[in-house]
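4 protein chains.
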Amino acid sequence: MGMVGGGRGAFIGQVHRMAANLDGKIELVAGAFSSDPEKSKLSGEDFFLDPERVYGSYEEMAQAEAAREDGVDFVSIVVQNHLHFAVAKCFLEAGIHVICDKPLALDLGQAKVLQKLVHDSGLIFALTHNYAGYPMVKEARRMVAEGELGRILKIVAEYPQGYAVGDVEGEGSGAISNWRADPKIAGASNCIGDIGTHAHHLAHYITGLEIEELAAELTAFIPGRELDDDGNCLIRFQDGVKGIIYASQISNGDENNLNIRVYGTKASLEWHQEEPNDLIVKFANAPRQTYRRGNDYLGSAAQENTRTPFAHPEGFIEAFANIYLAATAAISDQIEGRPAPEAGYDFPSVDDGVRGMAFIKACVDSSQNNAAWTKLELG
Amino acid sequence: MGMVGGGRGAFIGQVHRMAANLDGKIELVAGAFSSDPEKSKLSGEDFFLDPERVYGSYEEMAQAEAAREDGVDFVSIVVQNHLHFAVAKCFLEAGIHVICDKPLALDLGQAKVLQKLVHDSGLIFALTHNYAGYPMVKEARRMVAEGELGRILKIVAEYPQGYAVGDVEGEGSGAISNWRADPKIAGASNCIGDIGTHAHHLAHYITGLEIEELAAELTAFIPGRELDDDGNCLIRFQDGVKGIIYASQISNGDENNLNIRVYGTKASLEWHQEEPNDLIVKFANAPRQTYRRGNDYLGSAAQENTRTPFAHPEGFIEAFANIYLAATAAISDQIEGRPAPEAGYDFPSVDDGVRGMAFIKACVDSSQNNAAWTKLELG
Amino acid sequence: MGMVGGGRGAFIGQVHRMAANLDGKIELVAGAFSSDPEKSKLSGEDFFLDPERVYGSYEEMAQAEAAREDGVDFVSIVVQNHLHFAVAKCFLEAGIHVICDKPLALDLGQAKVLQKLVHDSGLIFALTHNYAGYPMVKEARRMVAEGELGRILKIVAEYPQGYAVGDVEGEGSGAISNWRADPKIAGASNCIGDIGTHAHHLAHYITGLEIEELAAELTAFIPGRELDDDGNCLIRFQDGVKGIIYASQISNGDENNLNIRVYGTKASLEWHQEEPNDLIVKFANAPRQTYRRGNDYLGSAAQENTRTPFAHPEGFIEAFANIYLAATAAISDQIEGRPAPEAGYDFPSVDDGVRGMAFIKACVDSSQNNAAWTKLELG
Amino acid sequence: MGMVGGGRGAFIGQVHRMAANLDGKIELVAGAFSSDPEKSKLSGEDFFLDPERVYGSYEEMAQAEAAREDGVDFVSIVVQNHLHFAVAKCFLEAGIHVICDKPLALDLGQAKVLQKLVHDSGLIFALTHNYAGYPMVKEARRMVAEGELGRILKIVAEYPQGYAVGDVEGEGSGAISNWRADPKIAGASNCIGDIGTHAHHLAHYITGLEIEELAAELTAFIPGRELDDDGNCLIRFQDGVKGIIYASQISNGDENNLNIRVYGTKASLEWHQEEPNDLIVKFANAPRQTYRRGNDYLGSAAQENTRTPFAHPEGFIEAFANIYLAATAAISDQIEGRPAPEAGYDFPSVDDGVRGMAFIKACVDSSQNNAAWTKLELG
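Protein chains in written order, with this note's numbering: chain G, 1 to 379; chain V, 380 to 758; chain F, 759 to 1137; chain R, 1138 to 1516.
Here it is in structure tokens:
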């Protein structure tokens, strides 16, 4: 495994490395950790890398690693949003598989270019919508797929955080990174783009339903900010399913409060990211049930994506590592010439990335149009 | 106290009676419990009433009680929605104070007529938005009023229930009463009218904020129904405050899941009706706090609206009884010629009823107009 | 109904009156509210009583009411512990049914005298172990009785409170009433007597199991106190069932934290008084279940002891009122000559009172004997 | 790092490896994974080891690694209980630092021998009482140490599990491994030894209090078992602090339900292993507080033992990895000649191991003596 970005002090790079380390099956051997070659070198030392494989630019790395017999099997891309496209394109063109942090790209156009590249090349491309890695999210998905909820009627997905509220009254210390507030780096949306897409991905991952159109109101509560720090959407999913998706960074005291509720004709379920080992299932006229991670009564996906017995809690890093395991299993299959499993792979794909970018675009367009109903350009 | 409606087997009538009984200060002495005089008489026997004061019609009752020296001090109106107007008008015109179940009337026009009648007559008129009776809701209100949350930024109020979901697939037994699905009896909305208004009232009661406009999507998931069983609204409150209000009767497995979250610049709070003795308060950068009913550290309203020590849980009936206590205190003041307290009375008023009817009308109008932003006609 | 004790400002008297009032079926018509006739009179005015039936002593009241044709059907005894015996004896001897606050008496000897009196007279005697009135406690009992838990193996019942902890360091304001710390008024134990007996009663009510012997350590953490404010017991129930019962008044920050867990070979259950509307049921190898008050899937006792639909929370007063309903149903049966129902009545009896006094005595004896195993003298 | 035990399919070995892997600072380079050399070799392949450093016996490994210039810095011991002593002794005598799974040894005598060896050699010896690795446990410890709870009065620590209950009625599949039920391999206790010691360690880790004496009742509910599957203890800590510690493997439906409550004169705290990211703190007369992992308001130990921002849940493996980080920091200090930090190291030590063995011995002795008070032989 190689890495682009994620040098010293970069949070998401460290998460990717811990996720890769956890199971002792992936080794970081190369990287371009910073656009500053000196910094990149220092980070390489932190990670005990061969200095020869620590690069000053991602282009150099892609070229060199593609040329080595023992070149990296895949690259993890953990740079800022606006660089995802160029870096991913570069490695894909060099024939190297990619695990990329979300969002996929700066805008929908770039996303579709990458999508075509991936489909044409046949390379593996995984996007780290990490919440899909939680075992109980996989159980939720199984329940919907096997019809245990009946016909889905309504979905409510929410992702309130409060970490930026201090900036609303100007006494704040710029909790939202400058780059996240800059459309040239972050894209057309901050809050919906950064976390709203997680809520959206979760809704799609669990139910498989596409959004047809949405009405969104995005707000920048923080003075002087161009991009949203709060967004609320009414959703019309396919098949008449209704929903609400909202996200916020000014919801004081909420930490990482991603929640989803899926309501069906036979049962409903709810999952709270902050208590990820539980899945609450509510059948009509029956006691409320709590499915708990690590138990034998769960489906195979939930069981296989678990490392410890019941009630030895697992968390964010383990979920992240599950995405890595699934993606690298696919990469191994390709490298060793094994066919893909019939059921396919279970990691967020470039298509999910396109879906996310279409969601962001629709939210921004709708909001600029006074919350008019706006269709997703998935085409 | 007299009662109109609420005879044998009527749920809400019984709740009103328990609320009135609880503190041993109110006695039911007269009633017109049914439009069928025979049924009314039988109910009167259930309640140990003097048969002479059990009436066959509300008109008769209003006239007779107004004429008696020992006539009722007030009447509780617990008939179906479409009769609220006529009954309330009749008693007000007879000079009798009123405690009326919500919604105030069948439509906004009727509501405004009652509002004028009340204001002109000076009579006490209380509307039983009972959730405002919970001590911890009163504590929430105090915190907002005293600025402990800072400037309010966002409100999310939700009221999902699932009891009618069985009817979506036609296997149901008509969980929503026929009359609630009939616009002539229930008014222009079922779900928003019946429970959405509770969420709306709670938001206003706690924050004092008025809705300026809203974008609503109401849905009738149950085949053959004219009125909504689910509704989702984006809200623009005054002063740039944003919000979401939604209600549902097809949210499978949810019981009486009324929740509200109020986010301010200094702190936020959340209250869950199903665990009403707790109020969760989240200050920025501080441990999460749970304020619990019955403690000395609470404000006076929360303390005074409590009957048992901390952690001897109180519930729905006690909250309902708090509305009765506040309304009857006001009635006593009038009867005995005491001035109203400077801080005013703490019970939902006819103005809250008008506010609720305007909310319902805006939701229905917006939804019929493809969720266009629609102003509230509070005028 | 008449009342002895419970005048102005007395907490438990007010709870009894609210419980009696709630359902509109019981009327307070007589009382000896204080040993001070003047105070008794003032309380009588508070409750709108005929002055003639407000008495200056319980002896006078018993005699007078027994002599009246319209004399009270029963008396509620809410005096201090050391008077329970004399008052109860007086009314029983006058042929009047009794609802008595717990504990039954000052010591086991008195308790057995009352037990004999009740059995010999055939009068109804109810003890307000009010936690047995909660619907979900009744559901727990049903589940055990019908074998849904299998064979019971272990019971853990706890009742920590923290309200008296301020007195441990001497800065306190005497949170435990003086009389509760005085063996002549409270009996041989304070903490175990006042609240430990509730935990004990709950364990017996739910499982029907008798304690064979126990090893107890009682502690008086508050300086200068003769009676315990904390007590921990190892329990040997009949049939090899093991258990722990503990109670505390110095468990800082705990409010009324009565909890019970019952473990069986097929399933276990837990109930928390502070969230009384839920009953958690844990079957081996199955999702955890939460049975919720007000649902149709519950047994008949849970359903019948409920006043509002699911998730319209009920609490302490409603549970208390359920004891009143059950006891007064029995009293009505006697008065109107109806036979008792085959299944018997569902309220805590004089036998439960004797059981509780034997539990207290065994705890005190064991503790004085360095926690030696001590048998219960149920005889 | 080397490893003894923990080959293919061994749960605890895998946990140790994940904990070591997580932070990318420790590399497994040698091992004796099984007493069967063939199996050991296969496990070595699983972990990508140099075959030369995969050994057929721990003695061979200790000798060979001690002799290599690049020999392992420390060994992780994850064999069955009865071998801990011999393996640990062997590596300590070879001058190699040790991380050892608990319990320290088969009995108190062995434990004290190891203790002397460690103290005499000055080598680092860490025992993986992993629950002490949770950040919020460290916060609890800090609060007690800094006096935020005032004087400690009472401790309740419990560890109920239900996984073995199926064997009580004989229909079970031997959920408790045979070796755990065999005193020659597991030691004198199964349940208290395996999990009771975790509860005991937690109580000591958080409060620093020693147990003076205890009264224990151990039970073997499973027919035919020599060792306990349930145990309940009354505890007398030093300084008059009272407590309860209990553990169980037949508490149906409980999973890994380790909980601790510590009550002080100023405040109390509770921590639940199944929700490890929260610490509940209850000050007298103040709202209940929930301290949450990842926040700036926590003490330094809680902050430093964290890898992700607030509400990105961390769990069991991260806590385990914290023990590894602390122990390997100490090992690095020794190897690189740095002095130990003034505050000392924060990992469970050989002294904790001796303390645990003394606790087990006291429980077993007391139980065999009908729960007589029994002192801990810590001397």
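Beta carbons: idealized from backbone N, C-alpha and C, even for Gly.
None of the values given here were measured: they were computed from a predicted structure.
Quick check on Asn-1010 (chain F) - is its C-beta less than 8 angstroms from some C-beta in chain V?
Looking up residue 1010 (chain F) in the third sequence gives position 252. Chain V, which has no Cβ nearer than 8 angstroms to the Cβ of Asn-1010 (chain F), makes this no.
What separation, rounded to the nearest whole angstrom, lies between the Cα atoms of Ile-1592 (chain R) and Asp-1210 (chain R)?
Outside the shown range of chain R (1138 to 1516) lies residue 1592 (chain R), about which nothing can therefore be said.
Find out if the Cβ-Cβ distance for the pair Gly-1361 (chain R), Ile-1372 (chain R) is shorter than 8 angstroms.
In the fourth sequence, counting from the first residue as 1, residue 1361 (chain R) sits at position 224. In the fourth sequence, counting from the first residue as 1, residue 1372 (chain R) sits at position 235. Going by C-beta atoms, Gly-1361 (chain R) is not nearer than 8 angstroms to Ile-1372 (chain R).
In DSSP terms, what Trp-1316 (chain R) is bridged to
Counted from its first residue, the fourth sequence places residue 1316 (chain R) at position 179. Note: Trp-1316 (chain R) is not bridge-paired with any residue in the DSSP secondary-structure output.
Rounded to whole angstroms, what is the Cα-Cα separation between Gly-488 (chain V) and Ala-372 (chain G)?
For this step, residue 488 (chain V) is matched to residue 109 along the second sequence. For this step, residue 372 (chain G) is matched to residue 372 along the first sequence. C-alpha of Gly-488 (chain V) to C-alpha of Ala-372 (chain G): approximately 30 angstroms in a straight line.
Using alpha carbons as the reference points, say which of F:Glu-984, F:Lys-797, F:Leu-875, F:Val-833 lies closest to Asp-859 (chain F).
In the third sequence, counting from the first residue as 1, residue 859 (chain F) sits at position 101. Looking only at F:Glu-984, F:Lys-797, F:Leu-875, F:Val-833, the smallest Cα-Cα distance to Asp-859 (chain F) is reached by F:Val-833.
Nearest chain R C-beta to Pro-666 (chain V) closer than 8 angstroms, yes or no?
Locating residue 666 (chain V) in the second sequence gives position 287, where the first residue counts as 1. Output row for Pro-666 (chain V): interface = yes.
Does the region 24-32 of chain G come into contact with the region 45-53 of chain G, if we say contact requires no fewer than three beta-carbon pairs (one atom in each stretch) closer than 8 angstroms?
yes
When the Cα of Ala-1463 (chain R) is compared with those of R:Ser-1486, R:Thr-1445, R:His-1449, R:Phe-1447, which residue comes out closest?
Within the fourth sequence, numbered from 1, the residue matching residue 1463 (chain R) stands at position 326. Comparing Cα-Cα distances from Ala-1463 (chain R) to each of R:Ser-1486, R:Thr-1445, R:His-1449, R:Phe-1447, the minimum goes to R:Ser-1486.
Hey, quick one: how far does the beta strand (DSSP E) through Arg-829 (chain V) stretch, first residue to last?
Nothing can be reported for residue 829 (chain V), as the shown portion of chain V is limited to 380 through 758.
Run through the DSSP bridge pairs and tell me what Thr-374 (chain G) is partnered with.
As a working note, residue 374 (chain G) is residue 374 in the first sequence. Partner(s): G:Leu-214.
Does chain G have any CB closer than 8 angstroms to the CB of Glu-756 (chain V)?
Along the second sequence, one-based indexing puts residue 756 (chain V) at 377. No, no contact with chain G.
DSSP on Asp-573 (chain V), reduced to helix/strand/coil?
For the purposes of this step, residue 573 (chain V) is taken as the residue at position 194 of the second sequence. Here Asp-573 (chain V) sits in helix by DSSP.
So Val-743 (chain V) packs on Ala-567 (chain V), CB below 8 angstroms; how close in whole Å?
One-based indexing of the second sequence puts residue 743 (chain V) at position 364. One-based indexing of the second sequence puts residue 567 (chain V) at position 188. Indeed, because the Cβ distance is near 5 angstroms, the residues count as touching under 8 angstroms.
DSSP state of Ser-728 (chain V) mapped onto helix, strand, coil:
Along the second sequence, one-based indexing puts residue 728 (chain V) at 349. Looking at Ser-728 (chain V) - three-state DSSP - the assignment turns out to be strand.
Under 7 angstroms Cβ to Cβ from Gly-1011 (chain F), same chain only, skipping five residues before and after it: list those, please.
Stepping through the third sequence from its first residue, residue 1011 (chain F) is reached at position 253. Gly-920, listed in sequence order.
Tell me which residue opens and which closes the alpha helix (DSSP H) that Met-819 (chain F) is part of.
Along the third sequence, one-based indexing puts residue 819 (chain F) at 61. From DSSP, the alpha helix (DSSP H) with Met-819 (chain F) extends over 816-825.
So is Arg-671 (chain V) in contact with chain R if we call contact Cβ pairs under 8 angstroms?
The residue given as residue 671 (chain V) occupies position 292 in the second sequence. Judged by the 8 angstroms Cβ criterion, Arg-671 (chain V) is in contact with chain R.
Ile-335 (chain G), enclosing alpha helix (DSSP H) - first and last residue
Counted from its first residue, the first sequence places residue 335 (chain G) at position 335. It spans 316-335 - the alpha helix (DSSP H) in which Ile-335 (chain G) sits, taken as one unbroken run.
For chain G, is any of its Cβ atoms less than 8 angstroms away from the one on Asn-749 (chain V)?
Taking the first residue of the second sequence as 1, we reach residue 749 (chain V) at position 370. With 8 angstroms as the cut-off, Asn-749 (chain V) counts as an interface residue toward chain G.
Which residues, in chain order, does the region 1431-1452 of chain R contribute to contact with chain V at a C-beta distance below 8 angstroms?
Residues of the region 1431-1452 of chain R with a Cβ closer than 8 angstroms to any Cβ of chain V, in chain order: Asn-1432, Asp-1433, Tyr-1434.
Given Phe-1078 (chain F), which residues of its chain have a CB within under 8 angstroms of its CB, disregarding the five upstream and five downstream residues?
Mapped onto the third sequence, residue 1078 (chain F) falls at position 320. Same-chain partners within the cutoff: Val-773, His-774, Met-776, Ala-777, Thr-886, Asn-888, Gly-891.
What span of residues does the alpha helix (DSSP H) with Val-1281 (chain R) cover, start to end?
Residue numbering aside, residue 1281 (chain R) sits at position 144 when the fourth sequence is read from its first letter. Counting along the chain, the alpha helix (DSSP H) containing Val-1281 (chain R) begins and ends at 1272-1282.
Please report whether the beta-carbon of Gly-170 (chain G) lies at a distance below 8 angstroms from any beta-carbon of chain V.
On the first sequence, residue 170 (chain G) is found 170 positions in, with the first residue counted as 1. No, Gly-170 (chain G) does not count as interfacial toward chain V.
Given a limit of 8 angstroms on CB to CB distance, which residues of the region 1138-1172 of chain R reach chain G?
Look at the region 1138-1172 of chain R: the residues with a C-beta under 8 angstroms from a C-beta of chain G are Phe-1148, Gln-1151, Val-1152, Arg-1154, Met-1155, Asn-1158, Leu-1159, Asp-1160, Gly-1161, Leu-1165.
Beta-bridge pairing of Phe-1041 (chain F) - partner residues as DSSP gives them:
Against the third sequence, residue 1041 (chain F) aligns to sequence position 283. Partner(s): F:Ala-1025.
Considering Phe-616 (chain V), what are the terminal residues of the beta strand (DSSP E) in which it resides?
Counting from one through the second sequence, the residue named residue 616 (chain V) turns up at place 237. Where Phe-616 (chain V) is concerned, the enclosing beta strand (DSSP E) stretches over 609-616.
Is the region 580-600 of chain V touching the region 487-502 of chain V, taking contact as three or more C-beta pairs under 8 angstroms?
no
Within this structure, are the beta carbons of Glu-984 (chain F) and Ala-939 (chain F) separated by less than 8 angstroms?
As a first step, residue 984 (chain F) must be located in the third sequence, where it is residue number 226. As a first step, residue 939 (chain F) must be located in the third sequence, where it is residue number 181. It is a contact, given that the beta carbons lie within the stated cut-off.
Return the first residue and the last residue of the alpha helix (DSSP H) that His-1153 (chain R) is part of.
As a first step, residue 1153 (chain R) is located in the fourth sequence; it is residue number 16 there, counting from the start. Counting along the chain, the alpha helix (DSSP H) containing His-1153 (chain R) begins and ends at 1148-1158.
Is any heavy atom of the ligand FAD found at a distance shorter than 7 angstroms from the C-beta of Asp-1483 (chain R)?
The ligand FAD is absent from the structure shown, which contains no ligand whatsoever.
Can a CB atom of chain V be found closer than 8 angstroms to the CB of Trp-373 (chain G)?
Residue numbering aside, residue 373 (chain G) sits at position 373 when the first sequence is read from its first letter. By this cut-off, Trp-373 (chain G) is an interface position.
Listed by chain order, chain R residues near Val-641 (chain V) by CB distance under 9 angstroms
Locating residue 641 (chain V) in the second sequence gives position 262, where the first residue counts as 1. Going along chain R, no residue has its Cβ under 9 angstroms from Val-641 (chain V), so there is no contact; the nearest lies around 17 angstroms.
Suppose you measure from the CA of His-1341 (chain R) to the CA of Lys-1176 (chain R); what does that come to, to the nearest Å?
Mapped onto the fourth sequence, residue 1341 (chain R) falls at position 204. Mapped onto the fourth sequence, residue 1176 (chain R) falls at position 39. Their backbone Cα atoms lie some 39 angstroms apart in a straight line.
Helix or strand or just coil, what does DSSP make of Tyr-1300 (chain R)?
The residue you call residue 1300 (chain R) lines up with position 163 of the fourth sequence. It is coil, neither helix nor strand.
Who does Ala-505 (chain V) pair with in a DSSP beta bridge?
Looking up residue 505 (chain V) in the second sequence gives position 126. According to DSSP, Ala-505 (chain V) bridges with V:Ile-478, V:Ser-728.
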